[in-house]
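Step one of this worksheet: look at the structure below.
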Amino acid sequence: MSSQLRVNPIACTGHGLCAELLPEMITLDEWGYPVLAGQQVPPGLERQARRTAASCPALALLLSSAP
Amino acid sequence: MSGITSGTALWYASRATGVICLVLLTAVMVLGILVNRQGRLPGLPRFAVTGLHRNLSLLAVGFLAVHVATAIADPFVTIGVAAVVIPLASPYRSLWIGLGAVSLDMMLVLIVTSLARAHIGRRLWRTLHWLAYASWPVALAHSIGSSGDLRAGPLLALTAACTLAVAGAVGWRAICTIRTAPRARRVAAVLSGQAGAR
Amino acid sequence: MTAPGASLLIAGSPRPGGRPAQLPRLLPADGRPAGLPAHVAEHGPLPYRGGPGHLIADAGESGLTGRGGAAFPAGRKLAAVAAAGRRPVVVANGAESEPLSAKDKTLLRYSPHLVLDGLQLAAEAVGARRAVLYLHADLSLRDQLISLLSERASAGLDRADVDLVLAPPRFLSGQETAAVNVINGGAALPTFTPPRTFERGVGGQPTLVQNVETLAHLALIARYGAAWFRGVGTADEPGSMLCSIRQADGSSAVVEAALGTPLRDLLGFGDHVQAVLAGGYHGAWLPAGRAAQLSLSNASLRPSGASAGAGVLAAIPAGTCGLAETARVARYLALESAGQCGPCLNGLPRISTALAELAGSRPDGRVINDLERWAGLTERRGACHHPDGTVRFVRSALQVFAAEIRGHQDGTCTAATGRPSLPVPAGPADENDWRGPR
Chain U
1 MSSQLRVNPI ACTGHGLCAE LLPEMITLDE WGYPVLAGQQ VPPGLERQAR
51 RTAASCPALA LLLSSAP
Chain P
68 MSGITSGTAL WYASRATGVI CLVLLTAVMV LGILVNRQGR LPGLPRFAVT
118 GLHRNLSLLA VGFLAVHVAT AIADPFVTIG VAAVVIPLAS PYRSLWIGLG
168 AVSLDMMLVL IVTSLARAHI GRRLWRTLHW LAYASWPVAL AHSIGSSGDL
218 RAGPLLALTA ACTLAVAGAV GWRAICTIRT APRARRVAAV LSGQAGAR
Chain E
266 MTAPGASLLI AGSPRPGGRP AQLPRLLPAD GRPAGLPAHV AEHGPLPYRG
316 GPGHLIADAG ESGLTGRGGA AFPAGRKLAA VAAAGRRPVV VANGAESEPL
366 SAKDKTLLRY SPHLVLDGLQ LAAEAVGARR AVLYLHADLS LRDQLISLLS
416 ERASAGLDRA DVDLVLAPPR FLSGQETAAV NVINGGAALP TFTPPRTFER
466 GVGGQPTLVQ NVETLAHLAL IARYGAAWFR GVGTADEPGS MLCSIRQADG
516 SSAVVEAALG TPLRDLLGFG DHVQAVLAGG YHGAWLPAGR AAQLSLSNAS
566 LRPSGASAGA GVLAAIPAGT CGLAETARVA RYLALESAGQ CGPCLNGLPR
616 ISTALAELAG SRPDGRVIND LERWAGLTER RGACHHPDGT VRFVRSALQV
666 FAAEIRGHQD GTCTAATGRP SLPVPAGPAD ENDWRGPR
């Protein structure tokens, strides 16, 4: 029952906060856009992922509690 | 009149917190534009810019609450609770206090929608956030008109500095927007090797 | 209208429920555009099923998959929209924005009533009162269809209202969400999903977007049944499909072929043919020798990295530089990016420039490394599949034309003439080019 992380690539303008706040799952490509290492959020990173998604200035990082 | 009565203390508190609000909101405006332009503060990570913008705006709300409360509580002038949010409801200096109410109303919208950002959706939040560009100048007008404090001495210099800071930031943002390739030309810009296509 | 070797048996007189399984099915046997009287004489009247649901079961049984390229089971799509509950809308997607594809335009010229019947039947099946015919920007075709629609209206045939919307001439116009945006009055720009179009589309309602050919098949399945549909093709990929065939000499034709037809029955092969592009500009290159052994089916094409797609098969002659062709197309694909997503708008133009360098003389050895890296960074990171399709196309070129690459690095090229082979339209100039003609 873990959450899924997704980037809305249309909303994303490459602020790059997500890679600072959730480096375990997100890195930036050579143009400053996020690369997700998988969609499933490990239980230990759940809170961090939630805060990271809330911090995105463009609201482009989406966390869904998918079954 | 010598000696400070409690009434005068409230009046001074209101004016002082008003000045603090102006400074804080100036910082919030400049930081907000910095976030939008993906600018950095030297030596600080990216999330610091967003974090400062957010935290200072909440701090400003706190000082604003004191500013408003002390102004209403002050027995020397009659403002009335309604005038806090309803423009022109204050018998004292209707217009200038009214502008304060307008600015406060807009600030309320900004703060509430930003706290509930994830729930109201990206587009609505973004559209409403544009109110910031209206809220600050209205707050400035309120500050200048409500008392003579900012029209002389060091506070005048402070007001000028704040105005310059916001005007500079807004001007910078406008120039960047004009120079950015429109969506339909972004790829062509990358193809011809221009940096900053997006 | 046909290539040598494709089956083209005369169908015989119409026997609703008892029609021979052979081809042609979609295109008229006599090769003339079928007007309403001829259409009704051949296939009988529009067989409304009397309510939603019935056709959906037949569509599922028939194994009909979308003929727009994605090959999604039509029955499942119909069921999803029907289940959405609100007031759905049906869109017949005839944008045909792939430059190599001509089958939808051909179908709409020769058998428009099959498409329009299918549109009405799909509308009934999902409970829609509103339908949209989304059309490639061809004004004479639009005028023709307007008069056909009013002819049908006079005859009292259509139960759902049909609006005609012209697609802007963009490569992405036919993409599902982009099409919905245009129909809603916007530009041909894809949107992020979810919500998918079957959940929220035209006017915010559940929307069925179906390729015009798929709807035409549906109109026939409604008359002759699922078993009839499965009478040609393979067990896993039943039925027939329209193919846009481009021979090595540049001549082109639209052919109806059964799934599973060997490619050598559709394309002329020989020493003069160098390679085949299967699936259009989002498809994959195949060496001629390999292509000659494959058939028109995903089962045959997928192991070689290609797919049946929307039936586009284009051969390029020996003596043409495959790299140069790929570079020209890649540049077009880059310019046709919506420019909404960072990886796509940064990756595609860089890939295009690198390919142009590879297609030149003595390219730098690092160009290929850059290409590989950018391909990996671009795919699956956009809101739509434009970057994915482009990367597939480019990667297949790097494989199939590997010898050509080595030649270029040595300063030689197999091209006899510098004449381009594949058709590449002009890209967009400004924002208005992304909106449909009014």
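Residue numbers (the numbering used here), protein chains in the order written: chain U, 1 to 67; chain P, 68 to 265; chain E, 266 to 703.
Even for Gly, the Cβ is constructed at its ideal location relative to N, Cα and C.
Which residues of chain E have a Cβ atom closer than 7 Å to the Cβ of R253 of chain P, listed in chain order? What R253 of chain P touches in chain E: G604 and L610.
Between E:R646, E:S661 and E:T526, which has its C-alpha nearest L620 of chain E's C-alpha? For L620 of chain E, the nearest C-alpha among the options comes from E:S661.
Boundaries of the alpha helix (DSSP H) in which L588 of chain E is found, first to last residue: Segment G587 to L600, the alpha helix (DSSP H) holding L588 of chain E.
Which residue wins for smallest C-alpha separation from G14 of chain U, given the options U:Q40, U:I26 and U:S3? Closest by alpha carbon: U:I26.
For a contact defined as C-beta to C-beta under 8 Å, what are the partners of A54 of chain U on chain P? Neighbours of A54 of chain U in chain P, taken as residues at a C-beta separation under 8 Å, are given in chain order as R184 and A185.
How about the segment 113-122 of chain P and the segment 87-100 of chain P: do they share at least three Cβ pairs that are nearer than 8 Å? Taking a contact to require three or more Cβ pairs closer than 8 Å, the segment 113-122 of chain P and the segment 87-100 of chain P qualify as touching.
Using the Cα positions of A487 of chain E and E307 of chain E, report the straight-line distance between them to the nearest angstrom. C-alpha of A487 of chain E to C-alpha of E307 of chain E: approximately 14 Å in a straight line.
Are at least three pairs of beta-carbons, each pair with one atom in the segment 283-292 of chain E and one in the segment 513-522 of chain E, less than 8 Å apart? Segments in contact, yes.
Counting only Cβ pairs nearer than 8 Å, list the residues of chain U close to V176 of chain P. Within 8 Å Cβ-Cβ: nothing; V176 of chain P doesn't reach chain U, min ~17 Å.
Give the DSSP bridge partners of T27 of chain U, in chain order. Answer by DSSP bridge pairing, in chain order: U:V35.
Decide if L311 of chain E is buried, meaning its Cβ has at least 16 other Cβ atoms within 10 Å, or exposed. With 16 or more Cβ atoms within 10 Å of its Cβ, L311 of chain E is classed as buried.
The alpha helix (DSSP H) enclosing Y489 of chain E, as first and last residue numbers: For Y489 of chain E, the enclosing alpha helix (DSSP H) has its first and last residue at V477 to Y489.
Is the beta carbon of S327 of chain E less than 8 Å from the beta carbon of P503 of chain E? For S327 of chain E and P503 of chain E, yes; Cβs fall inside 8 Å.
Through-space distance from K342 of chain E to N8 of chain U, alpha-carbon basis: Each residue's Cα considered, the two are about 24 Å apart.
Per DSSP, what kind of secondary structure is T682 of chain E in: helix, strand or coil? DSSP places T682 of chain E in the coil class of the three-state scheme, outside both helix and strand.
If you measure beta-carbon to beta-carbon, which residues of the segment 557-574 of chain E are closer than 7 Å to chain P? Of all residues in the segment 557-574 of chain E, none has a Cβ within less than 7 Å of some Cβ in chain P.
How would you write the range of the alpha helix (DSSP H) that E637 of chain E sits in, first residue to last? Run containing E637 of chain E: R631 to T643, per the alpha helix (DSSP H) assignment.
Close beta carbons around T52 of chain U, own chain, < 7 Å, minus the five adjacent residues each side: Take T52 of chain U, set aside five residues on each side of it, and the residues of its chain with a beta-carbon closer than 7 Å to its own are C18, L21, L22 and L61, in chain order.
How many Å lie between R627 of chain E and T679 of chain E at the Cα? Cα-Cα distance, rounded: 14 Å.
Step through the CB atoms of chain P and report whether any lies within less than 8 Å of the CB of A614 of chain E. In the sequence as displayed, the identity of residue 614 of chain E is Pro instead of Ala. Closer than 8 Å: yes.
Thinking C-alpha only, which one of E:G625, E:S602 and E:D675 is nearest H650 of chain E? If we check each option's Cα against that of H650 of chain E, E:S602 comes out closest.
Cβ contact check for the segment 380-387 of chain E and the segment 420-431 of chain E: 3 or more pairs under 8 Å: The answer is yes - the segment 420-431 of chain E touches the segment 380-387 of chain E, with three or more Cβ pairs under 8 Å.
Member of E:D629, E:L431, E:R417 and E:S572 whose CA lies at the smallest distance from the CA of G525 of chain E: Of E:D629, E:L431, E:R417 and E:S572, the residue nearest in Cα terms is E:S572.
Close Cβ partners of A54 of chain U (< 7 Å) along its chain, the five nearest in sequence each way excluded: Sequence-distant partners of A54 of chain U (beyond 5 residues in either direction) whose C-beta falls short of 7 Å from its own C-beta are missing from its chain.
Output, in sequence order along the chain, the residues in the segment 8-20 of chain U whose CB is closer than 9 Å to any CB in chain E. Under the 9 Å Cβ criterion, the segment 8-20 of chain U contributes N8, P9, I10, A11, C12, T13 and G14.
Measuring only the C-alpha atoms, how far is L542 of chain E from V254 of chain P? So the two alpha carbons sit approximately 25 Å from each other.
Jot down the residue ranges of each uninterrupted alpha helix (DSSP H) in the segment 70-101 of chain P, minimum 4 residues, whole runs only, in chain order. Within the segment 70-101 of chain P, no complete alpha helix (DSSP H) run reaches 4 residues.
Name, going along the chain, the residues of the segment 236-247 of chain P whose beta-carbon falls closer than 7 Å to a beta-carbon of chain U. Taking 7 Å as the cut-off between beta carbons, none of the residues of the segment 236-247 of chain P comes near chain U.
Tell me, please, whether the CB atom of V102 of chain P is closer than 8 Å to any CB atom in chain E? False, the Cβ-Cβ gap to chain E never drops below 8 Å.
Short CB-CB distance (under 8 Å) between P112 of chain P and chain U: It does: the Cβ of P112 of chain P has a partner Cβ on chain U nearer than 8 Å.
Inter-residue Cα distance where the pair is C56 of chain U and A115 of chain P: Going by the C-alpha atoms only, they are around 12 Å apart.
Rounded distance between the beta-carbons of P471 of chain E and P353 of chain E, thought under 8 Å: Yes, they are in contact, since the Cβ atoms of P353 of chain E and P471 of chain E sit about 4 Å apart, within 8 Å.
What does the alpha-carbon distance come out to for the pair Q240 of chain E and G683 of chain E? What the structure shows of chain E is the stretch from 266 to 703, and residue 240 of chain E is not part of that stretch, so it cannot be assessed.
Quick check on the burial criterion: 16 or more other C-beta atoms within 10 angstroms. Buried or exposed for I411 of chain E? Classification of I411 of chain E: exposed, given that the 10 Å Cβ count is below 16.
Could you give the distance in angstroms between the alpha-carbon of V128 of chain P and the alpha-carbon of P154 of chain P? So the two alpha carbons sit approximately 19 Å from each other.
If we define contact as Cβ-Cβ less than 8 Å, is P72 of chain U a contact residue for chain P? Because chain U in this structure spans residues 1 to 67, residue 72 of chain U falls outside the shown range and cannot be described.
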